[in-house]
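Here's the structure we're looking at; comments come further down.
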């Protein structure tokens, strides 16, 4: 995976089997103890998934705070094991909104793949309940997503796979999304690993290749 650029979000990776709630609370306590040193934390996110277990995403208000935390807490004992910390691949939506770049970010995404979204959605409307699978390519189409799905949730889920680039949601459609990778092979590996993954007990994710 290519090296991640500095931004306001850090990924904390700890090889422990604690529940996501415990990890989130523990990380929050860690920062509450020394807010003056590490700066203001906007949000802390942890997921329930097996592959993401032991990881937490910490979003800082300032870039300097995330850099300082990364340097000072790298290898810090956490549940008896050293933490591995790295910058998240992209800024969270929270930071984008604070910077006033969220709208531009969404417009670029929508314009970039508007044709793909339209073609896939049209095909779905013609064949209700059927999701066609197109030839392998670097963009995956996600279907049957729950209403509470958001960009950060999907990014954290797919970020564990090499070559991950971005997640694109579809305006007005909470049940579908697109995930882009650097090449076909990397997209295929993520597709095979997460096919049928249950984001909620009643929503098993369906993944196909998007129409180019």
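In this note's numbering, the protein residues as written are 1095 to 1306.
Ideal Cβ positions, reconstructed from N, Cα and C, are used throughout, including at glycine.
With a threshold of 16 other beta carbon atoms within 10 Å, residue 1304 meets it and is buried. In the three-state reduction of the DSSP assignment, residue 1260 falls in the strand class, which pools E and B. Rounded to the nearest whole angstrom, the C-alpha separation of residue 1234 and residue 1244 is 16 Å.
With a cutoff of 7 Å on beta-carbon distance, residue 1299 and residue 1248 are scored as not near each other.
Rounded to the nearest whole angstrom, the C-alpha separation of residue 1166 and residue 1178 is 12 Å. Shown here for residue 1283: same chain residues with a beta carbon closer than 7 Å to its own, the five before and five after excluded, namely 1255 in chain order. For residue 1235, the enclosing beta strand (DSSP E) begins and ends at 1233–1237. The DSSP-derived three-state label of residue 1287 is helix.
Taking C-beta separations shorter than 6 Å and ignoring five residues to either side along the sequence, the partners of residue 1155 in its chain run 1134 and 1136, following chain order.
Shown here, residue 1294 sits in a strand according to DSSP, grouped into three states. Residue environment analysis places residue 1267 among the exposed positions, since fewer than 16 neighbouring C-beta atoms fall within 10 angstroms of its C-beta.
Collapsing the DSSP output to three states places residue 1161 in a helix. When DSSP reads this structure, residue 1280 sits in no beta bridge, so it has no partner. Rounded to the nearest angstrom, the gap between the Cα atoms of residue 1280 and residue 1150 is 24 Å.
The residues 1231, in chain order, have a CB closer than 6 Å to that of residue 1306 in the same chain once the five nearest residues on each side in sequence are set aside. Straight-line spacing of the CA atoms in residue 1132 and residue 1277 works out to 37 Å.
In its chain, beyond the 5 residues on either side, 1177 have a beta carbon closer than 6 Å to the beta carbon of residue 1170. In the displayed model, residue 1255 falls within coil according to three-state DSSP, outside both helix and strand. Taken atom to atom, the span from the alpha-carbon of residue 1228 to that of residue 1242 is near 27 Å. Here residue 1252 is actually not in contact with residue 1264; their C-beta atoms are around 16 Å apart, not less than 8 Å. If you draw a straight line from the Cα of residue 1157 to the Cα of residue 1296, it is about 38 Å long.
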